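S.K.: Chains as they are written, first to last, in this note's numbering: chain Z, 2 to 187; chain U, 76 to 279. Ideal Cβ positions, reconstructed from N, Cα and C, are used throughout, including at glycine. Owing to the predicted nature of the structure, the values given are computational and were not obtained by experimental measurement. I am attaching a structure below and will ask some questions about it afterwards.
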DNA sequence: GCTTTAAAAAGTAACGT
DNA sequence: ACGTTACTTTTCAAAGC
């Protein structure tokens, strides 16, 4: 059975962690090749890993935000690289810092074009934001799982706000069911 | 106790002044947009409801007033684009859109998506186009919307393309630039929507 | 609320050629 | 009239203004 759920692709994973140690970002900016640090602009130092491709925001408190990774494994790999780089610089890093996934962005394809006008009314104007003058996607806030889904006329969708890998799958099954019940799924 | 009394009066006066300012701003912007008095009244009601439900806290009075007017135009079936509303407001378009979404949600306005057909009479008359062109543009919008071409597209661009196509079909040709100017969209957008609509109509 | 980072979706806009 | 780049929307953490 190949359905919309099989078309789900994780596009971005955001996670947070901490090394349990305060950092001197000025010194770190000098010691870490490729680091971007503009304290006037933003308090975090930006460091990008190449493989896996990800970007980390490193803060004075030792807390770190990792974003841009394509999977949870990639988040762990990217942060592992960063932890090792810090240890190389003689900065004490906790043995296994706890990594918390904060947000997962996925895309999927429902396989049919969507009439967004009919969908806005069918799904309930109170739960829908559809302002094509400002953005071509219909914004649907789902309570369970608690995610936000962007639906497009092409049938392509974006699921964001989930913290678990299977939130996207559950959400896609749910939205397909709701659209189908309205008779709006081609 | 006297101080408390004075503060109440001060707060009440400040509130009155703010309300008066908001209502006069709605009036000023409505005049500039050329919307009828009934729409200004609807906008005033929306503003007062937002005020009563404490939706203005953390937002600018002008932003809420502008959004109330934008919402009122839609509710009354004579929408103005965010661009048009932003032109007569001192609030940036982005804030108007954000504030509109907020008050619309909180007040449960439940306004349907803007229908491109609602822009046809105003745009067409600004271009001195006949009743016949308007009817044709309306037909083009209906036919292409039924074929699913409207999803995700800007209502103003969709209306502009239909008017351009109708002006050609009725031998009252307007250039893409002329139509683009009144609808405040680019010629590129008109061209793109026009091509799809002509195909939907079975021409080509 | 803002600042920064990443990513997808599709439409619109503004460049330069 | 191309092509490219960039902006719109959503989500989330971080520290500080």
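Can you find a C-beta in chain Z that's less than 8 Å from the C-beta of residue 141 of chain U?
M.R.: No, residue 141 of chain U lies away from the interface with chain Z (no Cβ there is under 8 Å from its Cβ).
S.K.: List in chain order: all unbroken beta strand (DSSP E) runs of 3+ residues lying wholly within the segment 73 to 149 of chain Z.
M.R.: For the segment 73 to 149 of chain Z, whole beta strand (DSSP E) runs of length 3 or above, ordered along the chain, are 101 to 110, 139 to 143.
S.K.: Expressed to the nearest angstrom, what Euclidean distance is found between the alpha-carbon atoms of residue 116 of chain U and residue 262 of chain U?
M.R.: Going from the Cα of residue 116 of chain U to the Cα of residue 262 of chain U covers about 36 Å.
S.K.: Work out the CA separation of residue 265 of chain U and residue 91 of chain U for me, nearest whole Å.
M.R.: Their Cα atoms are separated by approximately 46 Å.
S.K.: Rank Z:137, Z:15, Z:29 by C-alpha distance to the C-alpha of residue 87 of chain Z and give the top, closest one.
M.R.: Minimum Cα distance to residue 87 of chain Z is reached at Z:29.
S.K.: Mind checking who residue 67 of chain Z pairs with in its DSSP beta bridge?
M.R.: DSSP output for residue 67 of chain Z lists Z:16, Z:57 as bridge partner(s).
S.K.: The alpha helix (DSSP H) with residue 126 of chain U in it runs from where to where?
M.R.: Start and end: 112 to 127.
S.K.: If distances are taken between C-alpha atoms only, which option among Z:174, Z:125, Z:99, Z:166 comes closest to residue 63 of chain Z?
M.R.: Looking at the Cα atoms, Z:99 is the closest of the given residues.
S.K.: Using the beta-carbon of each residue, which ones in chain U are nearer than 8 Å to residue 153 of chain Z?
M.R.: Neighbours of residue 153 of chain Z on chain U, chain order: 226, 227.
S.K.: Taking any Cβ of chain U, which residues in the segment 97 to 124 of chain Z have a Cβ under 8 Å from it, in chain order?
M.R.: From the segment 97 to 124 of chain Z, only 114, 115, 116, 117, 118, 121, 122 have a Cβ closer than 8 Å to chain U.
S.K.: With residue 260 of chain U and residue 241 of chain U assumed to form a contact (beta carbons below 8 Å), what rounded beta-carbon distance in angstroms separates them?
M.R.: Residue 260 of chain U to residue 241 of chain U, Cβ: 16 Å. No contact.
S.K.: Out of Z:135, Z:181, Z:128, Z:43, which has the shortest C-alpha to C-alpha gap to residue 149 of chain Z?
M.R.: The residue with the shortest Cα to Cα distance from residue 149 of chain Z is Z:128.
S.K.: Please list the terminal residues of the continuous beta strand (DSSP E) segment that includes residue 46 of chain Z.
M.R.: Here the beta strand (DSSP E) through residue 46 of chain Z covers 46 to 50.
S.K.: How big is the Cα-Cα spacing for residue 68 of chain Z and residue 48 of chain Z?
M.R.: Near 11 Å, if we compare the C-alpha coordinates of residue 48 of chain Z and residue 68 of chain Z.
S.K.: Checking the sheet assignment: what are the DSSP bridge partners for residue 159 of chain Z?
M.R.: Answer by DSSP bridge pairing, in chain order: Z:108, Z:151.
S.K.: Just verifying my parser: in three-state terms, what is the DSSP assignment at residue 176 of chain Z?
M.R.: Residue 176 of chain Z: helix per DSSP, three-state reduction.
S.K.: Can you list, in chain order, the residues of its chain whose CB lies under 7 Å from that of residue 193 of chain U, leaving out five sequence neighbours each side?
M.R.: Taken in chain order, the residues that qualify are 152, 153, 154.
S.K.: Against residue 131 of chain Z, what residues of chain U qualify as contacts under a CB-to-CB distance less than 8 Å, listed in chain order?
M.R.: Per Cβ cutoff of 8 Å: 188.
S.K.: Cβ closer than 8 Å: which chain Z residues qualify as neighbours of residue 230 of chain U?
M.R.: Within 8 Å Cβ-Cβ: 133, 134.
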